[in-house]
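This report concerns only the one structure given below.
In mature numbering (1 follows the signal peptide of the UniProt record, and there is no 0), the protein residues as written are -20 to -1, 1 to 386.
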């Protein structure tokens, strides 16, 4: 239920600003449950040499990250509006802030919006791949965060945001929309250096929606992410942290964003609804180029996902998906030696199946049961996104939970 900010005494500090707004709304999502994971290795241990074990645990933000936020709009006349969003992420299990302890770590932006000219916003925001392709992947729908592609290597599950960014989203032109974003490094080229290009990001995307058909495509480039705390990427680059940890075989340690020189993501997808059923297909390619100090070389990922969901009744949704991910790690002998390959090139692969049931108790509250299974080949071990690595080629997770929106 949306509530006026002025009605909330606990947020009285904002009340003075609210008088000048056409509308200010408090909103949020609370999502949590219990998970079973078949095999996981504790943080600080090596997945090559440590035997994993099963685990039952509290899990937070399964279908969607728990959050609360404020959003507002002021009518400036002539179809122009001033808009803002301040969105906080948190853990329901212990009450701590998410996104590296930020107050408004999920989103924080302000801008101008026109029904005919589009929207320009500045702040901490999602990139075009997340905006146009992310909603088509099951990790952002019903499959929990563990249903995302391995390590969320393509960021379709929103593992990170772009700081210091300027973003444009077009108006809707006969079903077509497009947009772009640039995230500043906030560094200068002192002494003839390349500071301006250090830890910057840019992206572009295109979408089409008409009746039962939805299509989306996007591209993201990130230069030296995490190199400098003032830049576009800092402190919440979760997918590269996981890739770095997997790379050196140790769970939860020695993984920093500074190991990567640049990352590029290409992604496209579509869905088609007919009656109570919706089918979809998503493809993404991501490439990590490593810095010479950590062995150099690159790691390429290709992900293809086929998904379907079916409304068995108006209150009961069933979901099924399959993802195949193939990768190529080349030019990095340190990482390749994890496989005892004796060379500098290996090709880990992952197969993943997600199955989910979602029961809607009301428009705002639902309960869910989701299973995620991953099988790794070519000498690699399994690791569902957001879970510690398995010590074997298989990992299975089951999550039961409840989500409430307000």
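Each residue gets a CB set at the ideal place from its N, CA and C atoms; glycine is no exception.
Worksheet item: Going by alpha carbons, who is nearest to residue 328 out of 13, 131 and 179?
Response: 131
Worksheet item: How close, in whole Å, do the beta carbons of residue 190 and residue 155 come, if the pair is a contact with beta carbons under 8 Å?
Response: 4 Å
Practice prompt. Taking residue 400 as part of the beta strand (DSSP E), name the residues at either end of that continuous run.
Written response: With the chain represented from -20 up to 386, any question about residue 400 goes unanswered, as that position is not in the structure.
Discussion item. Against chain B, does residue 188 count as a neighbour if the rule is that its beta carbon must be under 7 Å from one of theirs?
Written reply: The chain inventory of the structure shown lacks chain B, comprising one protein chain alone.
Worksheet item: For the candidate residues 179, 40 and 19, whose alpha-carbon lies nearest to that of residue 31?
Response: 19
Worksheet entry | Where residue 326 sits in the DSSP three-state scheme | strand
Discussion item. Judging by CA-CA distance, which residue of 46, 302, 310 and 239 is the nearest neighbour of residue 78?
Written reply: 46
Worksheet item: So, is residue -18 buried or exposed, given that buried needs 16 or more other C-beta atoms within 10 angstroms?
Response: Only weak support is given to the placement of residue -18: the predicted model assigns it a pLDDT of 48, under 50, and the question is left unresolved by the model.
Worksheet entry | Residues of its chain near residue 33, where Cβ-Cβ distance is below 8 Å and the 5 sequence neighbours each way are ignored | 19 and 20
Worksheet item: According to DSSP, which residues form a beta bridge with residue 106?
Response: Beta-bridge pairing links residue 106 to no other residue.
Worksheet item: Which residues bound the beta strand (DSSP E) around residue 303?
Response: 296 to 310
Worksheet item: Who are the near neighbours of residue 178 in its chain, counting only those whose CB is closer than 8 Å to its CB and skipping five residues on each side?
Response: 165, 167, 203, 204, 207, 208 and 211
Item to complete: Could you have a look at residue 381 and say whether DSSP puts it in helix, strand or coil?
Response: strand
Worksheet item: When the Cα atoms are used, what is the spatial distance from residue 53 to residue 351?
Response: 40 Å
Worksheet entry | Continuous beta strand (DSSP E) stretch holding residue 40: start and end | 33 to 40
Fill in: Straight-line Cα distance separating residue 82 from residue 105
14 Å
Worksheet item: Can the beta-carbon of residue 89 be found less than 7 Å from the beta-carbon of residue 118?
Response: no
Item to complete: Tell me whether residue 377 is buried or exposed, calling it buried when 16 or more other Cβ atoms sit within 10 Å of its Cβ.
Response: buried
Worksheet item: Cα-Cα, which of 99, 60, 122 and 135 is closest to residue 151?
Response: 99
Worksheet item: Any idea what DSSP makes of residue 111, helix, strand or coil?
Response: helix
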